[in-house]
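Student: Pasting a structure below so you can have a look.
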Amino acid sequence: MAKIFEQELPGEGSVLVAVAFNVHGTRMATSTSDRAVKIWDYDGSESKPWKSVAVWKDAYGTVSHLSWGHPQIGQFLAMSCCDRRIIICKEMSSKSNSIYLELQSWKNVFTIVLPHFPATDIQFSPIEMGLILAVSTTDGKIWLYSAPSDNLYNWEMVQSVYIPFKCTKLIWNPSYKREKLPKNRSIIKVHQEQKKRPLPRDYIRNALRIGRPTRTAYDPNELPKMPFVPTDNDQYILIPQHQMLAAISDEPSKNGKGLISFVQYFPAAKQWYPLSVKFDGKEPVYDLSFIPRLNRCYDMFLVASGQIHLYTLFQILNKNGVVRYQLNLINTFANEKEGIFKVSWDLIGSSVFSAGTDKSIRLWRENEKHKFINTAVVTPS
Numbered sequence: 001m002a003k004i005f006e007q008e009l010p011g012e013g014s015v016l017v018a019v020a021f022n023v024h025g026t027r028m029a030t031s032t033s034d035r036a037v038k039i040w041d042y043d044g045s046e047s048k049p050w051k052s053v054a055v056w057k058d059a060y061g062t063v064s065h066l067s068w069g070h071p072q073i074g075q076f077l078a079m080s081c082c083d084r085r086i087i088i089c090k091e092m093s094s095k096s097n098s099i100y101l102e103l104q105s106w107k108n109v110f111t112i113v114l115p116h117f118p119a120t121d122i123q124f125s126p127i128e129m130g131l132i133l134a135v136s137t138t139d140g141k142i143w144l145y146s147a148p149s150d151n152l153y154n155w156e157m158v159q160s161v162y163i164p165f166k167c168t169k170l171i172w173n174p175s176y177k178r179e180k181l182p183k184n185r186s187i188i189k190v191h192q193e194q195k196k197r198p199l200p201r202d203y204i205r206n207a208l209r210i211g212r213p214t215r216t217a218y219d220p221n222e223l224p225k226m227p228f229v230p231t232d233n234d235q236y237i238l239i240p241q242h243q244m245l246a247a248i249s250d251e252p253s254k255n256g257k258g259l260i261s262f263v264q265y266f267p268a269a270k271q272w273y274p275l276s277v278k279f280d281g282k283e284p285v286y287d288l289s290f291i292p293r294l295n296r297c298y299d300m301f302l303v304a305s306g307q308i309h310l311y312t313l314f315q316i317l318n319k320n321g322v323v324r325y326q327l328n329l330i331n332t333f334a335n336e337k338e339g340i341f342k343v344s345w346d347l348i349g350s351s352v353f354s355a356g357t358d359k360s361i362r363l364w365r366e367n368e369k370h371k372f373i374n375t376a377v378v379t380p381s
């Protein structure tokens, strides 16, 4: 049975500004309105499972956003401040039991100063992509910084990418970047019947997802539907190969455009570019969660916007060598009254966890009819 731990984090009346967990969920960093940054370790005790192990104060202002780096490289943290500074902090090893040395065990190793506007979010990339820090700012730009994996003291600005709205959250696609291209690409079978009814949905799940040309003949009477209808020019479904980053906004759309934008790295040009993906939703987007790709030749992700929306994203190559992006809404679930603002997948993409404005955490599972059913609810006592 799931259990919720409630622990008051001491701050002497200050307001909690930002919280960030490391990749394993065993360490937590918090910042408060009194400019204090604290590091907490989880010890599993019943009464107070989180223990404060380090604390320091920023001399110039409140820390607004926090992001943990991958522990494989070391224990380090990125902090964004209201004065346009991004500070990289690293935990220094100390075997002394002295309280003084314990509290002083974190050191500022590098400071990034943003050109004009403060940050709205900061996120480290997954470890497979190297050491990349993405920073979104209030002017609608995403700044990308990189550093060698073994040197946190040397960060360089790689590129800035413009998006058509003020980003409030960044999400990396966690799927592994392949070092070698697959020998084959997934073939789209163009059939006359496709103009009347879509290709089968399981056509992707069973044949195309392994990235090999399928030998299965298309029979519209035997196979269920697929999310989109290919055109006569479509030849291949490309298996995504490279880093991808999503930007969302929880503010209402001002120009009538969608509030999700995707940015992808193209090795041939050595540049990051926004993808020409049309997202029709105009409601504020509070969270986005990519599903582990595993063997699929397309991306899937969840969007929390009051309800939970499930989308697929295909990269399709036509006969002229031009790639187009096909975005499709597959499913919508959860009640609008629940006010879903946070979604997350498990490691294998079989279960969905959501948090709503009613302070409840819900578990969703897909049944044999491809509908998501709420199987458990955890509510604070």
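Just so you know, we're using UniProt numbering here: the sequence shown kicks off at 1 and counts up by one. Quick reminder that beta carbons are idealized off the backbone N, C-alpha and C, glycines included.
Three or more C-beta pairs closer than 8 Å, one from the stretch 234-241 and one from the stretch 115-122: is that the case here?
Tutor: At 8 Å Cβ cutoff, the stretches do not touch.
Student: I need the straight-line Cα distance from serine 14 to cysteine 82, nearest angstrom please.
Tutor: Computed Cα separation, rounded: 17 Å.
Student: Pick from Glu283, Ser249, Met244, Val135: whose alpha carbon is nearest that of tyrosine 273?
Tutor: Measuring from the Cα of tyrosine 273, the nearest candidate turns out to be Met244.
Student: So, does the stretch 31-40 touch the stretch 15-23, judging by three or more C-beta pairs under 8 Å?
Tutor: Segments in contact, yes.
Student: Would you call the stretch 59-66 and the stretch 40-48 in contact, with 3 or more CB pairs under 8 Å?
Tutor: These segments do not touch.
Student: Following the continuous beta strand (DSSP E) through proline 274, name the residue where it begins and the one where it ends.
Tutor: It spans 271-274 - the beta strand (DSSP E) in which proline 274 sits, taken as one unbroken run.
Student: Taking the continuous beta strand (DSSP E) assigned at tryptophan 172, which residues delimit it?
Tutor: Where tryptophan 172 is concerned, the enclosing beta strand (DSSP E) stretches over 169-172.
Student: From which residue to which residue does the beta strand (DSSP E) around glycine 356 run?
Tutor: Note, glycine 356: beta strand (DSSP E), 351-356.
Student: Is the distance from the Cβ of phenylalanine 372 to the Cβ of asparagine 318 below 8 Å?
Tutor: No, Cβ-Cβ distance for phenylalanine 372 and asparagine 318 is not below 8 Å.
Student: Between which residues of its own chain and threonine 357 is the CB-CB distance below 6 Å, once the five residues before and five after are set aside?
Tutor: The answer, listed in chain order, is Gly339.
Student: Do isoleucine 73 and threonine 111 have their C-beta atoms closer together than 8 Å?
Tutor: Not in contact: isoleucine 73 and threonine 111 (Cβ atoms no closer than 8 Å).
Student: Could you give the uninterrupted runs of the beta strand (DSSP E) lying entirely in the stretch 9-36, keeping only those of 3 residues or more?
Tutor: List check, beta strand (DSSP E) in window: 16-21, 27-32.
Student: Drop a sphere of 10 angstroms on the beta-carbon of tyrosine 265, count the other beta-carbons inside from all chains shown, and report buried for 16 or more, exposed for fewer.
Tutor: Result: buried.
Student: Asparagine 318 lies in the beta strand (DSSP E); which residues open and close that run?
Tutor: That run of the beta strand (DSSP E) goes 307-318.
Student: For the candidate residues Val109, Leu114, Ser149, whose alpha-carbon lies nearest to that of glutamate 128?
Tutor: When each option's Cα is compared against that of glutamate 128, the closest is Ser149.
Student: Just checking, does the stretch 157-166 make contact with the stretch 131-144 on the three C-beta pairs under 8 Å criterion?
Tutor: Yes: at least three Cβ pairs fall under 8 Å.
Student: Taking its Cβ as the centre, do 16 or more other Cβ atoms sit within 10 Å of glycine 321, making it buried, or is it exposed?
Tutor: Its Cβ having fewer than 16 others within 10 Å, glycine 321 is exposed.
Student: Within its chain, find whatever has a CB closer than 6 Å to the CB of serine 344; leave out the 5 residues flanking it on each side and keep chain order.
Tutor: So the qualifying residues of the chain are Ser289, Phe353.
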